[in-house]
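Each residue of the sequence shown is one higher than the one before, starting from 67 at the first, in my numbering. Here a beta-carbon is modelled for each residue, glycine too, at the ideal position from N, C-alpha and C.
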Amino acid sequence: MHAIGVDIGGTKIAAGVVDDDGVILAQTRRDTSPDDAAGIDKAIADVYAELSQSFEVDAMGLAAAGFVSADRSSVLFAPNIAWRDYPLRDRVAALVRDDVRIVVENDANAAGWAEFRFGAGRDVDDMLMLTVGTGLGGAIVTDGKLVRGAWGVAAEIGHMRVVPGGHYCGCGHEGCWEQYASGSALVRDAQATVIIDPDRATRLLELAGGDVDRLIGPHVTQAAQEGDPLAVELLAELGRWVGEGAASATALLDPALIVVGGGVAAAGDLLLVPARRGFAEQLSARGHRPEAALVVASMGNDAGLVGAADLARV
Ligand SMILES: [Zn+2]
């Protein structure tokens, strides 16, 4: 049976009909506003109505960027969308006429599940997914099962403290891993270098149209791919943070595979090679244990949608 997956972002939702093999059969999207929770409910009901016209579906998974309750019905808290103890499942169910099974999933968990079922992790039973985007999301699969924890909010790995007294984090604490291993960290450091050391940053500034405030992560990736030494260095620094943190996570989880996804993963080896080096240098008992491989995710931007659909089935 087919399921619908919906990836709910800050300003848009992407939805698709997904079959048992993780293949997207049809897709649609709507623009939304992060401040308008009721509008998001309506947009979800709307994409359901559109997609269920041509396909028979019995489940819908909603991937949400926030803390999701253990019963997969509510968003307890979302940093970028106006959800506080928000009963998303029931609000959407009230707008959908059919008796369809609806579940809410954390977006990083959904993306990780898609990689585990259909992507880079399909041949292993134990996997750690790191989604290096605006923030740093995590998903843990142990013995073939998604780890949700007692209250549904496990794998918020980006908020492990790696630098006491370090950069302030949106979660209210300081020194969280995502302040060092995310696209936001990359841009922050790139912008700082443009100001402190402009002679080295001419290409980055050029790509940003001469305005340091308009510098974005893909500019750094592009400059690095062209061979710009500063951009290569910035991505290598980000990779080192990813790899060293992955080694700490490995001390806890012992995964067979670490999958790196998110927008920054587009940098490929420019990120992965330094990440593998940082991982190897920081891994405990190295040389006396099998080592997890670090690889790039293979499901692309549709991972959240595909994973949410698949998780809604079971
Ligand atoms: Zn934090």
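Rounded C-beta distance between residue i and residue j? I'm assuming under 8 Å.
i      : j      : result
Val198 : Ile206 : The Cβ separation is near 16 Å, so there is no contact.
Val372 : Leu338 : Contact doesn't hold; Cβ gap of about 23 Å is too wide.
Ser248 : Thr200 : 7 Å
Ile110 : Leu128 : 7 Å
Gly82  : Gly75  : With 8 Å as the limit, Gly82 and Gly75 do not qualify as a contact, their Cβ atoms being about 14 Å apart.
Met193 : Asp124 : The pair is not a contact, with the Cβ atoms about 27 Å apart (cut-off 8 Å).
Val84  : Ala375 : 4 Å
Determine, using beta carbons only, whether residue i and residue j come nearer to each other than 8 Å.
i      : j      : result
Gly370 : Ala177 : yes
Trp217 : Val228 : no
Ala73  : Arg96  : In the sequence as displayed, the identity of residue 73 is Asp instead of Ala. Result no, Cβ atoms of Asp73 and Arg96 do not sit closer than 8 Å.
Leu273 : Ala289 : yes
Glu181 : Gly204 : no
Leu336 : Val308 : no
Leu296 : Gln257 : no
Gly232 : Gln245 : yes
Ser381 : Gly185 : In this structure the chain extends from 67 to 380, so residue 381 is not present and cannot be described.
Leu54  : Ala333 : With the chain represented from 67 up to 380, any question about residue 54 goes unanswered, as that position is not in the structure.
Arg352 : Ala346 : yes
Ala159 : Ala144 : no
Val278 : Leu252 : no
Lys108 : Leu161 : yes
Arg254 : Asp294 : no
Thr94  : Ile106 : no
Asp191 : Gly215 : no
Asp103 : Trp149 : Per the sequence shown, the amino acid found at residue 103 is Ala instead of Asp. Cβ atoms of Ala103 and Trp149: closer than 8 Å.
Gly329 : Gly283 : yes
Per DSSP, residue i is paired with what?
i      : result
Tyr234 : Glu240
His68  : Val123
Asn172 : Ala130
Arg214 : None, per the DSSP bridge assignment.
Val339 : Paired residues: none, contrary to the question.
Leu194 : Ile206 and Ile324
Ala80  : Asp73 and Arg95
Arg306 : Beta-bridge pairing links Arg306 to no other residue.
Val361 : Val325
Arg227 : Cys242
Counting only runs that start and end within the segment 84-166, where is the beta strand (DSSP E) found for 3 or more residues in a row?
-> Runs of the beta strand (DSSP E) inside the segment 84-166: 90-97, 123-130, 141-143 and 150-152.
Could you say if the segment 333-346 and the segment 170-189 meet the contact criterion of at least three C-beta pairs nearer than 8 Å?
-> The segment 333-346 vs the segment 170-189: no contact.
Which parts of the segment 250-285 are runs of the alpha helix (DSSP H), unbroken and 4 residues or longer, counting only runs that do not cross its ends?
-> Runs of the alpha helix (DSSP H) inside the segment 250-285: 268-273.
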